[in-house]
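Peer 1: Here it is, the structure in full.
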Amino acid sequence: MASTLPAATGFLAAVQCDGGRSPGAFPAPRGADPAAPGAVFASAGPRAVIKARPGGPGLDAVLLHSGAPDAAHAHRRGRTVLLAGELYNRDELLTLLGAQAGPVTDADLLLALVDTYDLHAFRLLNGRFAAVVADGGRVLLATDHAGSVPLYVSAVPGTVLAATEAKALRTAPVGRRITAARRVRRLPGTHQVPAGTVLEIGVATADCTDHRTWAPTPARRIMAEQEATEAVRLALDRAVRARTGPDTPLVVLSGGIDSSSVAALTAHHRTGPVDTVSMGTDLADEFPQARVVAEHLGSAHRELTVHTDDLLRRLPHAVWAAESLDPDIIEYLLPLTALYLRLEGPGRRILTGYGADIPLGGMHRENRLPALDTALAHDMATFDGLNEMTPVLSGIAGHWSTHPFWDREVLDLLVSLESGLKRRHGRDKWVLRAAMTDLLPHETVTRPKLGVHEGSGTTSSFSRLLTDAGVPGDRVHRAKELVVQHLFDRVVVDGRHPDEVATADVVQLVADALEHDAL
Ligand code: IOT
Ligand code: MG
Ligand code: MG
């Protein structure tokens, strides 16, 4: 499939009733102004303007693309599909379309499926995408099962606006309340489309109906050890294959079991080279552990050291890219943001082990099975809107990232395994470790979990920044939350570039406010 990057990685789209001549509510999308590229998206890369007049409401869009923007949209009989991202079960999907002339691009394939199944087409997809379908007087806005490509909407009667970054809608008119979707902080009328959901919106009325296309299963499957490890191995192997093309893949490698599994499966099925990269700081790194894996697999490996001051200076960039308000998530994403910004172009296809700890309960150093399943159920009920999987994180440096552990089939399997397969024989993530024993060194298979925020010293250096500014120890987490909110308000709500926002200033502001008990 996709040889390099997906045809499009983001968009801002407007579907308007009078054939696209704006009713004045929202003039031409700002990104359409070639004099101001970068005004709208944090993601880097070329933009193309699309105008579709299929009959009925017209669709105008700015596409963030990777060289072939026409591969990201498809049109037939008054219906237009716009797709950012990619599909991973193309072969399966093609079998549904019988002997029809085979659709070539993922957008063509999606259009053919919508022709056959209407909005239920989205129940069939395993992918990493956000999509808009303009169809007569209605618009469909769809996320993948995990909402891994964030999608935002603002709708008033006559105009539906949708974008893969909330900041692209900051100048939109105040949209109607959409009860099925989460509101975005300080962007009135802008909402985030939930994970695994199609919003069906009437353009003339802005009336909205939501359709869930995926939900994490609450049931648990009982499997014998060997059956479970074989199933995990097979599903993960397929997910890795679907995410690699002919070009050399790059795996962001910590040397933990999650990213090492992805790297090992990538190397296992390829005859060509595999690149791996690890980041560390002056305070902490996992370089020796990653090197063991790289040497075992024979990957072309790099180590990148980011100074802690430079890491913390990237906080505004992490919030700008992820548009997340959760300080814990930002601590996971900050070292990855700093890593991606150090990877020079051209745009790479990056595989990560991100997300494995959620269905496997890896974050919870917990021996008791009830607590493991409680944590898992909680995490699966609360991931939506955190944007931790967003492709914008690497997109700000022009790269495309993808996470095999949140492949729909892998995730469905891992979530469903009974917790005794996850915590077993005294080990966490047992089923994954057992599935990978033949491809990785013993010390990697048995290595205890270390979070990226710990292995890079990010949590402690962020805490230190706050205590140095006078924040008392017991208010540090609250202070982090406030820092992230302030950053969000500047780089998302106010639309400022993160290079213009100094972490130190925001930290001081929060520290002073906490001292005066204003917050
Ligand atoms: P962790 O699992 O340590 O890292 C996530 C991924 O980031 C790794 O699989 C690897 O691909 C990459 N990575 C980590 N460290 C490095 C490094 N030093 N150099 C290069 N790449 C690296 C947090 C965590 O523990 O990260 N993420 C959890 C879960 C988040 C919780 N979310 C939630 N409850 N909604 C995870 O599952 O990934
Ligand atoms: Mg992990
Ligand atoms: Mg780790």
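Just so you know, our numbering puts 235 at position 188 of the sequence shown, and the rest follows in order with no gaps.
Positions of the beta carbon are idealized from the N, C-alpha and C atoms, including for glycine.
Which same chain residues end up closer than 8 Å to Thr-276 when comparing Cβ atoms and leaving out the 5 residues on each side of it in sequence?
Peer 2: Val-478, Ala-481 and Ala-482
Peer 1: Spatial neighbours of Ser-69 within its chain, please: CB distance less than 8 Å, with the 5 preceding and 5 following residues excluded, ordered by chain position.
Peer 2: Because Ser-69 sits at a pLDDT of 44, beneath the cut-off of 50, its placement in the model cannot be relied upon, and the following sentence gives the value as read from the coordinates. So the list reads Ala-61, Gln-63, Ala-75 and Thr-206, once near-sequence residues are dropped.
Peer 1: Helix, strand or coil: how does DSSP classify His-354 here?
Peer 2: coil
Peer 1: Just the Cα atoms here: how many angstroms apart are Ala-282 and Met-410?
Peer 2: 22 Å
Peer 1: Do Leu-419 and Ser-466 have their C-beta atoms closer together than 8 Å?
Peer 2: yes
Peer 1: Taking just the CA atoms, how far does Ala-189 sit from His-544?
Peer 2: 28 Å
Peer 1: Based on Cα-Cα distance, which residue from Pro-241, Ser-90, Val-161 and Gly-236 lies nearest to His-258?
Peer 2: Each of Pro-241, Ser-90, Val-161 and Gly-236 was checked against the Cα of His-258, and the nearest Cα belongs to Pro-241.
Peer 1: Count the other CB atoms within 10 Å of the CB of Glu-139; is the residue buried (16 or more) or exposed (fewer)?
Peer 2: Glu-139 sits exposed, since fewer than 16 C-beta atoms from the chains shown fall within 10 Å of its C-beta.
Peer 1: Return no unless some Cβ of chain C is closer than 8 Å to the Cβ of Pro-393.
Peer 2: Included in the structure is just one protein chain, with no chain C present.
Peer 1: Is Gly-400 close to ligand 2? I mean its beta-carbon at under 7 Å from any heavy atom of the ligand.
Peer 2: Yes, ligand 2 has a heavy atom inside 7 Å of this Cβ.
Peer 1: Helix or strand or just coil, what does DSSP make of Ala-368?
Peer 2: helix
Peer 1: Identify whether Thr-56 lies in helix, strand or coil by the three-state DSSP scheme.
Peer 2: strand
Peer 1: Going by C-alpha distance, which of Ser-306, Arg-396 and Leu-534 is nearest Leu-497?
Peer 2: Ser-306
Peer 1: Should Leu-561 go down as buried or exposed, given a rule of 16 or more other Cβ atoms within 10 Å for buried?
Peer 2: buried
Peer 1: On the criterion of 16 or more Cβ atoms from any shown chain inside 10 Å, does Lys-527 qualify as buried, or is it exposed?
Peer 2: It is buried - the Cβ of Lys-527 has at least 16 other Cβ atoms within 10 Å.
Peer 1: Are there any heavy atoms of ligand 1 lying less than 7 Å away from the beta-carbon of Phe-509, as far as the coordinates show?
Peer 2: no
Peer 1: Report the residue ranges of all alpha helix (DSSP H) runs contained in full by the segment 421-447; include only those spanning at least 4 residues, in chain order.
Peer 2: 439-442
Peer 1: Just the Cα atoms here: how many angstroms apart are Ala-55 and Gln-239?
Peer 2: If I take the Cα positions, the gap works out to 20 Å.
Peer 1: For Thr-384, which residues from the same chain have a beta carbon less than 7 Å from its beta carbon, with the 5 sequence-adjacent residues on both sides left out?
Peer 2: If you ignore the 5 residues before and after Thr-384, its C-beta comes within less than 7 Å of the C-beta of Arg-361, His-364, Ala-365, Ala-368 and Leu-440, all in its own chain and listed in chain order.
Peer 1: Please report the straight-line C-alpha distance between His-343 and Glu-490, rounded to a whole angstrom.
Peer 2: 11 Å
Peer 1: Does DSSP put Thr-328 in a helix, a strand or coil?
Peer 2: strand
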